[in-house]
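Q: Numbering (our numbering), first residue to last: 24 to 503. Every residue, glycine too, gets a C-beta built ideally from N, C-alpha and C.
Quick look at the structure:
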């Protein structure tokens, strides 16, 4: 059963002050130097600060955060880099991307700027974050300052490693710093999660939480309402390998993700109605489970008893809940899902409850005997559920998971929203090189999408990384 009041620590600490000078790590410093050169060429001025915003990989707990359940991600070494400065110029906001061939510049004089993926493209994710902090400033009757931003990144877009959420977090953090707001890491994560609603994504907050709260060397158990985290020490010898299926998926540009959110909400409400619980207050499956006081085995049994496997129609749901279609649209649906007519409540609820239980089992067995084998088993069960019950995989992603399993992975699963993107596999230190070589040979050498690409960017071993970092330029760097 989900925790309702206690668990990990709520992080009220502020972000640490900027590190004086750029990082010593050669590759990161070089990338920041290139970004600085582009910024200075474009804006004829030095950046005030630099940000490093990591991507993330979720080890277990997919599509459960927005249902109120815990997840277990870790930050990656791949990241979004930002150079920015506040200004007093008439132009309110200018955002440029280092990859000028694929990402056009955005500029506006208006503080009432409008944005959408269709009209403003990649910059929309940054603008989500800017808008979220502008709304906070408005509540404080504080006018936002103008900004200039340059952005670079090496998180593959559409890979399920949270490149879009990293951009949103970058927009939130840069705007907060430019306007001298003191916000805790948890507040920044919450603002960033809410900001994604501006782009039409009703996520649950996992991506933003790990981006701000990650600690090097450990994964995090992230719980919600309130947002709190617990460090998770992974078993000795465990190595996680991330591999890109090369099927890109933009969850904000498709309705699949938002439909799943609504299906889960409907499942919670139908179950609540069955148990004579005020269903209008049950927006998440965890809300129902807590209100009903059921353990995971009990709630999955109830799903089998109450929900049928055939899709529900909107008319049937209105009859069950005793409301009109107009009332149901207001109470349950998002604007971009009003048109949907069929809903698979049984499959979605069964995945969420079983996946939430797998997270608890994953955390419990991390330090025990036989932990690696059990963790791998849970990861493989997760993928089967995502493929068959949540129906958010892709044939090429399934093939990648199969190749990884045949190559000796202890477990493998899709990570991220799905419908493409990346797989995460569990292997061991003594097997990782052989494992990666086999996947390169058996998967990437056989798909046309990999031709001409740097394969080492498509599959790599990773360790838990650092959350958001802030750097201030040093004098030596500026005069070079």
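Within the continuous beta strand (DSSP E) that includes residue 243, where are the two ends?
A: Unbroken beta strand (DSSP E) run through residue 243: 242-246.
Q: Give the range of the alpha helix (DSSP H) segment to which residue 369 is assigned.
A: That run of the alpha helix (DSSP H) goes 368-388.
Q: Between 87, 95 and 261, which lies nearest to residue 432 when the distance is taken from Cα to Cα?
A: When each option's Cα is compared against that of residue 432, the closest is 261.
Q: Counting along the chain, where does the beta strand (DSSP E) carrying residue 102 start and finish?
A: Its beta strand (DSSP E) spans residues 95-110.
Q: With a cut-off of 8 angstroms, do at least 3 Cβ pairs link the region 472-480 to the region 241-261?
A: Counting Cβ pairs under 8 angstroms, fewer than three are found: no touch.
Q: Thinking C-beta only, is residue 199 closer than 8 angstroms to residue 211?
A: Result yes, Cβ atoms of residue 211 and residue 199 sit closer than 8 angstroms.
Q: Could you give the C-beta distance for residue 105 and residue 197, rounded to a whole number, given that I count them as a contact under 8 angstroms?
A: Correct: roughly 6 angstroms between the Cβ atoms.
Q: Alpha carbon to alpha carbon, what distance is there between residue 272 and residue 417?
A: Whole-angstrom Cα-Cα distance: 10 angstroms.
Q: My understanding is that residue 154 touches residue 221, with C-beta atoms under 8 angstroms, so please give their C-beta distance in whole angstroms.
A: The Cβ separation is near 6 angstroms, so the contact holds.
Q: For residue 438, count the other beta carbons within 10 Å of its own beta carbon; 16 or more makes it buried, fewer makes it exposed. Which is it?
A: Buried: at least 16 other Cβ atoms inside 10 Å.
Q: Beta strand (DSSP E) containing residue 436: first to last residue?
A: Run containing residue 436: 434-438, per the beta strand (DSSP E) assignment.
Q: With a threshold of 16 other CB atoms inside 10 Å of the CB of residue 474, please say whether the residue is buried or exposed.
A: Its Cβ having fewer than 16 others within 10 Å, residue 474 is exposed.
Q: If I'm right that residue 138 touches residue 130 with Cβ under 8 angstroms, what's the distance once you round it to whole angstroms?
A: Residue 138 to residue 130, Cβ: 12 angstroms. No contact.
Q: For the ligand FAD, is there any heavy atom lying closer than 7 angstroms to the beta carbon of residue 42?
A: This structure lacks the ligand FAD, and indeed carries no ligand of any kind.
Q: Cβ of residue 508 within 8 angstroms of Cβ of residue 461?
A: Because the chain spans 24 through 503 in this model, residue 508 falls outside it and cannot be assessed.
Q: If I measure Cβ to Cβ from residue 360 and keep anything under 7 angstroms in the same chain, skipping five residues before and after, which residues do I get?
A: Contacts found: 278, 281, 282 and 285.
Q: Is the Cβ-Cβ distance between residue 175 and residue 54 less than 8 angstroms?
A: Contact: yes.
Q: What span of residues does the beta strand (DSSP E) with residue 263 cover, start to end?
A: Unbroken beta strand (DSSP E) run through residue 263: 261-267.
Q: Short of 8 angstroms in beta carbon distance, which residues of its chain neighbour residue 490, apart from the five on each side in sequence? Order them along the chain.
A: Only 77, 98, 208, 233, 234, 235, 236, 237 and 238 meet the Cβ criterion.
Q: Between the region 81-96 and the region 44-58, do at least 3 Cβ pairs fall closer than 8 angstroms?
A: Flag = no, the region 81-96 and the region 44-58 do not touch.
Q: Using a Cβ-Cβ cutoff of less than 7 angstroms, which residues in the same chain neighbour residue 248 once the five nearest sequence positions on both sides are dropped?
A: If we look at residue 248 and ignore the five residues flanking it on each side, its Cβ neighbours are 91.
Q: Go ahead and pull the three-state DSSP assignment for residue 298.
A: Residue 298 falls in the coil class under three-state DSSP.
Q: Does the Cβ of residue 171 have 16 or more other Cβ atoms within 10 Å, making it buried, or fewer, making it exposed?
A: Buried.
Q: How would you call residue 471, buried or exposed, if buried means at least 16 neighbouring beta carbons within 10 angstroms?
A: By the 10 Å Cβ count, residue 471 comes out exposed.
Q: Hey, could you find the ends of the alpha helix (DSSP H) residue 63 is sitting in?
A: Here the alpha helix (DSSP H) through residue 63 covers 49-66.
Q: Compute the distance between the beta-carbons of residue 183 and residue 378, then report whether it is under 8 angstroms.
A: It is not a contact, given that the beta carbons lie outside the stated cut-off.
Q: Go to residue 218, then tell me how far its alpha helix (DSSP H) extends in each direction, as first and last residue.
A: It spans 208-218 - the alpha helix (DSSP H) in which residue 218 sits, taken as one unbroken run.
Q: Measuring alpha carbon to alpha carbon, tell me which residue in 352, 245, 464 and 268 is nearest residue 289.
A: Here the closest residue by C-alpha is 352.
Q: When the distance is taken between beta carbons, is residue 364 closer than 8 angstroms to residue 337?
A: The answer is yes: Cβ separation under 8 angstroms.
Q: Would you kindly work out how many angstroms separate the C-alpha atoms of residue 450 and residue 458, rounded to a whole number?
A: Answer to the nearest angstrom: the Cα atoms are 8 angstroms apart.
Q: Tell me the DSSP secondary structure of residue 458 in three-state form.
A: Residue 458 falls in the helix class under three-state DSSP.
Q: Taking only the alpha-carbon atoms, compute the straight-line gap between residue 448 and residue 151 and give it to the nearest angstrom.
A: Roughly 32 angstroms between the two C-alpha positions.
Q: Go through the region 152-184 residue by residue and report every complete run of the alpha helix (DSSP H) that reaches 4 residues or more, in order.
A: As far as the region 152-184 is concerned, it has no whole alpha helix (DSSP H) run of at least 4 residues.
Q: Helix, strand or coil: how does DSSP classify residue 312 here?
A: Note: residue 312 maps to helix in three-state DSSP.
Q: Nearest to residue 550 by alpha carbon, out of 302, 102 and 295?
A: The structure shown has nothing for residue 550, since the chain only spans 24 to 503.
Q: Looking at residue 266 and residue 445, is the spacing between their C-beta atoms short of 8 angstroms?
A: A contact, by the Cβ cut-off of 8 angstroms.
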